[in-house]
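Start counting the sequence shown at 0; every next residue gets the next number (numbering that gives the first Met the number 0). Input: a single structure, listed below in structure tokens.
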Amino acid sequence: MKKAIFVDRDGTLLKEPADEQIDALEKVEFVPGAISALKALTGLGYELVMASNQDGLGTPAFPEETFWPAQNLLLKTLEGEGVHFDDILIDRSFPEDNSPCRKPRTGMFGKYLDGSYDLAACWVIGDRETDLQLAANLGARGLQLGPLSWADIAGTIRDSTAGSAPSSANKKADSVGTIRDSSAGSAPSFANKKADAPSGALPAARSAVVERKTAETDIYVRVDLDGKGPSGVDTGLKFLDHMLIQLIHHGGIGLELRCKGDLEVDEHHTMEDVAIALGEALRRALGDKRGIDRYGFALPMDESRALVLLDFGGRAELVWDVQFTREYVGDVPTEMFHHFFKSLSNAMQANLYVQARGENNHHLAESVFKAFARTLKQAVRRNVFSYDLPSSKGLL
Ligand SMILES: [Mg+2]
């Protein structure tokens, strides 16, 4: 079945003037990001359809000859960027005519309603509530410019075609910095799921929730790569909390992580399982990894320095070159940092190279986590206008 993207014109492709009528070339001004986004949406198998209400077009209030120069400039400009409309639907009625063809009514969408289009796979893009209403009336999905940027919109549609759910989001959040009570007990032993998606037109979430429960640890992790949602860390190990909070501050991610581990035995299971659950959540939140890249970051911290290189290439290797001179930092055994990053690398399916030098063991550990956080921030940043996989193999 065919599928289409229906795009509103005024206020969506072109800025809407105060009098809401683009009847002169001087009034032609593109909405920033519109051309790049439409370009990014070509080649995905959608027909592109412009659907516009032009109140009173062809009447003395809006003569044809004042409309077409602006419309033709719009079309020629987009053609020059490789963006071609398969169809252009224009309703010319006034609101008070109550025409069945005036958006958000669907009268002019007849050919798209004959069963040859998979409307549930179609999108409506517009700047008004009525555009979302049109989407609902068509049985399509709506994306509203304003609450969303054109980059959000392009990313959402591209994600939907890449197989990941076009949903956003964030679990209904408690206040920032708090951790909700565990719902353990009924939790499956190892459950992974996308965070709950609220209704409405929101950009694709790059988030994941991992709940992992064993006889040794009970862990809840929610990661949002774009920093949305509440954040808070409580692993039972104060120094590990201090390190993981660096991922929020320096990595720009949203991270809710709580762990109830068998600290009465020792720190090992908690450190290892937190790394496994966190790595799994990061890997799931990344989805198919389109638009991301491979990165590294080095930073100094007082007398210490750390270098972290990261490649989400689907293989897990850790090169660890960090030597601690104390057995413990705070309540964490220093030997466990190696094991933490090894477990993290395995669970993320990422190659990690970590090298650090320094005198003060607290600084040494913190510089590693900060450098990792900065590297992660760069590595997961997504460019929806350059949406290729960063691999010549076509798979990461
Ligand atoms: Mg509009």
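For every residue, glycine included, the Cβ atom is placed at its ideal position computed from N, Cα and C. Here the structure is a predicted model, which means the values were calculated and not measured.
| Expected contact under 8 Å - CB spacing of V273 and L298 to nearest Å | For this step, residue 273 is matched to residue 274 along the sequence shown. For this step, residue 298 is matched to residue 299 along the sequence shown. Going by Cβ atoms, the distance from V273 to L298 rounds to 23 Å, so no, they are not a contact pair.
| request: Anything with a beta carbon under 6 Å from a heavy atom of ligand 3 counts; list them all in chain order. | output: Here the bound small molecules are ligand 1; ligand 3 is not part of this structure.
| task | Would you please state the rounded distance, in angstroms, between the beta carbons of M242 and E365? I believe it to be under 8 Å. | result | On the sequence shown, position 243 is the one that residue 242 refers to. On the sequence shown, position 366 is the one that residue 365 refers to. Sure, about 7 Å apart at Cβ, within 8 Å.
| Ordered along the chain, which non-local residues of its own chain (more than five positions away) have a Cβ less than 6 Å from that of R104? | Start at 1 with the first residue of the sequence shown, and residue 104 comes out as number 105. Once the five neighbours on either side are set aside, R104 has no close Cβ partner at all.
| field | Separation of A36 from D80, as counted between CA atoms | value | By 1-based counting over the sequence shown, the position of residue 80 is 81. By 1-based counting over the sequence shown, the position of residue 36 is 37. A quick correction: the sequence has Glu, not Asp, at residue 80. Looking at the two C-alpha atoms, the distance is approximately 11 Å.
| request: Kindly list the residues whose CB is nearer than 6 Å to the CB of G253, restricted to its own chain and excluding five residues on each side of it in sequence; keep chain order. | output: Counting from one through the sequence shown, the residue named residue 253 turns up at place 254. Closer than 6 Å at Cβ, skipping near neighbours: D223, G226, K227, G228 and S230.
| query | For A50, which residues of its own chain have a beta-carbon under 6 Å away from its beta-carbon, when the five flanking residues on both sides are left out? | reply | Stepping through the sequence shown from its first residue, residue 50 is reached at position 51. Same-chain partners within the cutoff: F5 and L88.
| task | Take M335 as the anchor and find which of P16, L236, L246 and K212 has the nearest alpha-carbon. | result | Here residue 335 refers to the residue found at position 336 when the sequence shown is read from its first residue. It is L236 whose Cα lies nearest to the Cα of M335.
| Which whole runs of the alpha helix (DSSP H) in the segment 6-53 are 4 residues long or more, in chain order? | 33-39
| said: I need the straight-line Cα distance from G312 to A349, nearest angstrom please. | reply: Looking up residue 312 in the sequence shown gives position 313. Looking up residue 349 in the sequence shown gives position 350. Approximately 6 Å between the Cα atoms of the pair.
| Opposite W122 in the DSSP bridges: which residues? | Your numbering for residue 122 matches position 123 in the sequence shown. Looking at the DSSP assignment, W122 forms a beta bridge with I4 and R140.
| task | Can you give me the start and stop residues for the alpha helix (DSSP H) that N360 sits inside? | result | Working through the sequence shown from its first residue, we reach residue 360 at position 361. Here the alpha helix (DSSP H) through N360 covers N360 to V379.
| Which residues does DSSP pair with Q132 in a beta bridge? | As a first step, residue 132 must be located in the sequence shown, where it is residue number 133. The partner list for Q132 (beta bridge, DSSP) is empty, contrary to what the question assumes.
| request: Can you tell me which of F339, D233, P146 and E64 puts its alpha carbon nearest to the alpha carbon of D217? | output: Your numbering for residue 217 matches position 218 in the sequence shown. The candidate whose alpha carbon is nearest that of D217 is D233.
| query | So A372 and L363 are in contact, right, with Cβ under 8 Å, and what is the actual spacing, rounded? | reply | Counting from one through the sequence shown, the residue named residue 372 turns up at place 373. Counting from one through the sequence shown, the residue named residue 363 turns up at place 364. 15 Å between Cβ atoms; not a contact.
| request: Measure the C-alpha to C-alpha separation of F84 and L246 and round it to an integer number of angstroms. | output: The residue labelled residue 84 in the question sits at position 85 within the sequence shown. The residue labelled residue 246 in the question sits at position 247 within the sequence shown. The alpha-carbon atoms of F84 and L246 are separated by roughly 44 Å.
| query | Mind checking whether E46 and A3 have CB atoms under 8 Å apart? | reply | Walking along the sequence shown from the start, residue 46 turns up at place 47. Walking along the sequence shown from the start, residue 3 turns up at place 4. Contact: yes.
| So who's on the other strand from E64, going by DSSP bridges? | By 1-based counting over the sequence shown, the position of residue 64 is 65. E64 is not bridged to any residue.
| field | Residue ranges of each alpha helix (DSSP H) within the segment 212-268, 4 or longer | value | 237-250
| query | What are the uninterrupted segments assigned as beta strand (DSSP E) that are 3 or more residues long and contained completely in the segment 280-365, given in chain order? | reply | 294-300, 303-310, 316-321 and 350-356
| request: Under 7 Å Cβ to Cβ from Q377, same chain only, skipping five residues before and after it: list those, please. | output: One-based indexing of the sequence shown puts residue 377 at position 378. Once the five neighbours on either side are set aside, the close Cβ partners of Q377 are Y294 and F296.
| request: Check D90 in the structure and name its three-state DSSP category. | output: Working through the sequence shown from its first residue, we reach residue 90 at position 91. Here D90 sits in strand by DSSP.
| How big is the Cα-Cα spacing for E358 and D240? | Taking the sequence shown and counting its residues from 1, the one referred to as residue 358 is at position 359. Taking the sequence shown and counting its residues from 1, the one referred to as residue 240 is at position 241. The alpha-carbon atoms of E358 and D240 are separated by roughly 22 Å.
| message | Using only the alpha-carbon positions, how far apart do A153 and M107 sit? | response | The residue given as residue 153 occupies position 154 in the sequence shown. The residue given as residue 107 occupies position 108 in the sequence shown. Roughly 25 Å separates the two Cα atoms.
| query | Run through DSSP, which three-state label would V82 get? | reply | Taking the first residue of the sequence shown as 1, we reach residue 82 at position 83. Coil, per DSSP.
| For A150, does the three-state DSSP call read helix, strand or coil? | Numbered from its first residue, the sequence shown carries residue 150 at position 151. DSSP places A150 in helix when its eight states are reduced to three.
| said: Using 8 Å as the threshold, is the C-beta distance between A276 and V209 below it? | reply: As a working note, residue 276 is residue 277 in the sequence shown. As a working note, residue 209 is residue 210 in the sequence shown. Yes, they are a contact pair.
| field | Given R140 as reference, the closest of I124, D151 and L147 once Cα atoms are compared | value | Walking along the sequence shown from the start, residue 140 turns up at place 141. Residue I124 is the option with its Cα nearest to R140.
| Are L114 and R91 close, meaning C-beta to C-beta below 8 Å? | In the sequence shown, residue 114 corresponds to position 115, counting from 1. In the sequence shown, residue 91 corresponds to position 92, counting from 1. Here residue 114 is Gly; the residue named in the question, Leu, does not match the sequence. Going by C-beta atoms, G114 is not nearer than 8 Å to R91.
| request: Could you check which residue in A214, D301, A305 and R282 has the C-alpha nearest to that of L401? | output: Any answer about residue 401 is impossible in this case: the structure gives the chain only from 0 up to 395.
| query | Which whole-angstrom value describes the C-beta separation of A284 and R157, a residue pair presumed to lie in contact below a C-beta threshold of 8 Å? | reply | The residue labelled residue 284 in the question sits at position 285 within the sequence shown. The residue labelled residue 157 in the question sits at position 158 within the sequence shown. Not a contact, Cβ separation roughly 16 Å.
| If G160 sits next to L142, beta carbons under 8 Å apart, how far is it from one beta carbon to the other, in whole angstroms? | Taking the sequence shown and counting its residues from 1, one reaches residue 160 at position 161. Taking the sequence shown and counting its residues from 1, one reaches residue 142 at position 143. The sequence shown places Thr at residue 160, not Gly. So it is not a contact: roughly 14 Å between Cβ atoms.
| said: Closest to F93 by C-alpha separation, out of L112, E19, G138 and G42, would be which residue? | reply: For the purposes of this step, residue 93 is taken as residue 94 along the sequence shown, with counting starting at 1. When only C-alpha atoms are compared, the closest one is E19.
| Between N191 and A207, what straight-line distance do the alpha-carbon atoms span, to the nearest angstrom? | Here residue 191 corresponds to residue number 192 of the sequence shown, with the count starting at 1. Here residue 207 corresponds to residue number 208 of the sequence shown, with the count starting at 1. Legend: pLDDT at N191 = 37, less than 50; position of this residue unreliable, no value from coordinates given.
| field | Cutoff 6 Å; reference N345; Cβ partners in own chain excluding five residues on either side | value | As a position in the sequence shown, residue 345 is number 346, starting the count at 1. For N345, where only same-chain residues beyond five positions count, the Cβ hits under 6 Å are A315.
| field | CA nearest to the CA of A305, picked from K341, V353 and T324 | value | The sequence position of residue 305 within the sequence shown is 306, counting from 1. That would be V353, whose Cα lies nearest to the Cα of A305.
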